[in-house]
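S.K.: Following this message is one structure expressed as structure tokens.
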Amino acid sequence: MGKQQCPLCGEHAAVHETRESEYVYKGVQYSIIQPGLWCDSCDDAVISPADRKASQKDRATAHAIIDGVLTPDEIKRARKIIKLTQAEAAEYFGGGVNAFSKYERGEIQIPKAVSLLLSLLVERTIALDSLSAVAEHLTVEHSKFWARSGKLSLGMQRQAS
Ligand SMILES: [Zn+2]
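For what it's worth, this note's numbering labels the leading residue of the sequence shown as 4, then goes sequentially.
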């Protein structure tokens, strides 16, 4: 694949591809797989709005874990466990008609109170059904994160599994 001119440094060393990219959020370093026009000369990248959208859910997942709220996938799983559609969930928990579709795409972060309530409802379902697997699953991703000393690689994790 031919290299293109880098808009940042002018060298013909840029290629559009995905690379593991490190970010810091609230003092915690994490990495995600970020598409962009990456330059081997200046080691920087031009991230288009489409590139940014492609990594939106991974970034939101990292931020949710750091903030201690349910991740987009966990929200979806929790909502299904308590058998609500996205529209029904928005009716119960507020946030507007499209709130849950935005939470589950990682477009906006779920409010902490809604996250807690959703977790409680899931725990209740688990107690009723004598199941613990789901609750365990909700915490597995979080413990993986801390096991890596604050460094996580969501895209890599997904590729590996
Ligand atoms: Zn460059």
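The C-beta atom is built at its ideal place from N, Cα and C for all residues, glycine as well.
Computed from a prediction, not measured in an experiment: that's the story for all the values here.
For Q162, which residues in the same chain have their Cβ closer than 6 Å to its Cβ, ignoring the five residues on either side in sequence?
M.R.: Residue mapping note: residue 162 aligns to position 159 of the sequence shown, counting from 1. At Q162, the pLDDT of 45 sits below 50, so the modelled position is not reliable; the number obtained from the coordinates is stated separately. Cβ neighbours of Q162 beyond the five flanking positions: none.
S.K.: Quick one: residues with CB closer than 5 Å to any heavy atom of ligand 1, in chain order, please.
M.R.: C9, L11, C12, C42, S44 and C45
S.K.: For V18, tell me which candidate among V143, S44, V125 and I36 has the shortest Cα-Cα distance.
M.R.: Working through the sequence shown from its first residue, we reach residue 18 at position 15. Out of V143, S44, V125 and I36, S44 has the C-alpha closest to the C-alpha of V18.
S.K.: Take the Cβ of Y106 as the centre, count every other Cβ of all protein chains shown within 10 Å, and call the residue buried at 16 or more, exposed below.
M.R.: Counted from its first residue, the sequence shown places residue 106 at position 103. Buried, since its Cβ has 16 or more Cβ neighbours within 10 Å.
S.K.: Under DSSP, the beta strand (DSSP E) around I36 begins and ends at which residues?
M.R.: On the sequence shown, residue 36 is found 33 positions in, with the first residue counted as 1. I36 -> beta strand (DSSP E) spans V31 to C42.
S.K.: Name, in chain order, the residues that DSSP records as bridge partners for V125.
M.R.: Your numbering for residue 125 matches position 122 in the sequence shown. DSSP, once it has assigned bridges, lists no residue as partnering V125.
S.K.: Using the Cβ count rule (16 or more neighbours within 10 Å means buried), how would you classify D61?
M.R.: Taking the first residue of the sequence shown as 1, we reach residue 61 at position 58. Classification for D61: buried.
S.K.: What is the C-beta distance between P38 and A57, in whole angstroms, given that I count them as a contact (C-beta under 8 Å)?
M.R.: The residue labelled residue 38 in the question sits at position 35 within the sequence shown. The residue labelled residue 57 in the question sits at position 54 within the sequence shown. Sure, about 5 Å apart at Cβ, within 8 Å.
S.K.: Judging by CA-CA distance, which residue of R127, A81, Y33 and K83 is the nearest neighbour of T64?
M.R.: Locating residue 64 in the sequence shown gives position 61, where the first residue counts as 1. Ranking R127, A81, Y33 and K83 by Cα distance to T64 puts Y33 first.
S.K.: So is A116 buried or exposed if we call it buried at 16+ other beta carbons inside 10 Å?
M.R.: Numbered from its first residue, the sequence shown carries residue 116 at position 113. Taking every protein chain shown into account, the CB of A116 has fewer than 16 other CB atoms within 10 angstroms, so this residue is exposed.
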